[in-house]
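The next block holds one structure in the form of structure tokens; read it before the comments.
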Amino acid sequence: MIDIHCHILPDLDDGSADMDESLAMAHIAANSGIEGIIATPHFRGEEQGLAQLPKILSRYRHFVRALSRTDIPVTVYPGAEILCLPQTPRLARQKELPTLADTNYLLVEFYFDESAEYMDGILRQIGDCGYRLIVAHPERYAAIQRDPALADRWNRLGYALQLNKGSLLGAFGDRVQSTAVALLEDGVIRLIASDAHSIARRTTDMRPLRQWLSRECPAEAAAILLEENPKRLLRNEELLPTGPVRLSL
Ligand SMILES: [Fe+2]
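Counting in the working numbering, the final residue of the sequence shown is number 249, and the numbers go up one at a time with none missing.
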């Protein structure tokens, strides 16, 4: 299993506080069946964003070195979670956005209350620059909660939608959970990831998610979401659709 969205790099954003916590997050991940993690610290696509890039990369290398001195069997790949701001398309045109694991894929997010029109416009402009887009946690956006058809449209446009583990398990409340379930059932989700931030809350432990999926979700769909598509992402290949998913809730 590969976790494609994880705030595991130390002391960079609101994720891991220090190297000890980062290594503990890797240890927890490995014990729950994760063999690869894409490190995705928050990246704000604004003026100061450019100064962030060298810092993210040097922190990534620092973490990889520390991890190599342990026996934790996890490979960590570089990446970022890009907050889409009005300036982000310009960085996309200049090819100055950090991709996932040296592929063509970007992991993007929005403020939760952005309008559908705004998000549509930004996604189209960034996509036009030749990047493949993964939209982080669509179930947390108000526009999707009001109108899940927007997620269906994004899926048809080729944007890969990524659910958070905690959303399905109810960590962000009923509204997010019911939206997450609806999107999964509609077959518009291509990936599920931890979006882990620490060893306490929102962790890298994937066992509760696996247990939930093995209880509620057909095995073929769960395998596409957790195994096949993350591997395809790392190979810079198209991600597979699950088709409509019949949950046994
Ligand atoms: Fe995140």
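Cβ atoms here follow ideal geometry from the backbone N, Cα and C, with glycine treated the same way. Computed from a predicted model, the values in this text were never measured in an experiment.
- In the three-state reduction of the DSSP assignment, VAL76 falls in the strand class.
- Taking a C-beta distance under 7 Å as the contact criterion, ALA151 and GLU109 do not qualify as a contact pair.
- Of THR203, TYR77, LEU191, ARG69, the smallest CA-CA separation from ASN31 is found for THR203.
- Look at ALA136 here: in three-state DSSP terms it is strand.
- Counting the other CB atoms within 10 Å of its CB gives GLU35 a total below 16, which places it among the exposed residues.
- Minimum Cα-Cα distance from ARG61 among the listed residues MET25, LEU240, VAL76 corresponds to VAL76.
- A heavy atom of ligand 1 is found nearer than 6 Å to the CB of ASP195.
- About 12 Å separates the Cβ atoms of ILE192 and ALA160, ruling out a contact at the 8 Å cut-off.
- With respect to the C-alpha of MET119, the residue from LEU97, ALA51, PRO86, GLN177 having the closest C-alpha is PRO86.
- The Cβ-Cβ distance between ARG190 and LEU123 does not fall below 7 Å.
- When Cβ pairs closer than 8 Å are counted between the two stretches, the stretch 204–212 is seen to touch the stretch 165–173, the count reaching three or more.
- In this chain, the alpha helix (DSSP H) harbouring ARG124 covers 116–127.
- Counting along the chain, ASN164 sits inside the beta strand (DSSP E) bounded by residues 160–164.
- Of the residues LEU226, GLN145, MET1, LEU97, the one whose Cα lies closest to the Cα of GLN177 is GLN145.
- DSSP, reduced to helix, strand and coil, places GLU109 within a strand of the structure shown.
- DSSP, reduced to helix, strand and coil, places ARG156 within a helical segment of the structure shown.
- Collapsing the DSSP output to three states places LEU191 in a strand.
- Note on the stretch 12–75: whole alpha helix (DSSP H) runs with a minimum of 4 residues are 19–31, 49–68, in chain order.
- ARG44 and LEU226 have their C-alpha atoms spaced approximately 27 Å apart.
- Remark: the C-beta of GLU81 is in contact range of ligand 1, defined as less than 6 Å to any heavy atom.
- Partner residues in the beta bridge of ASP3, as assigned by DSSP, are ILE37.
- Closest in alpha carbon position to ASP14, among ALA149, ASP195, GLU216, is ASP195.
- Residue burial is scored here from C-beta neighbours: GLN94 has fewer than 16 other C-beta atoms within 10 angstroms and is therefore classed as exposed.
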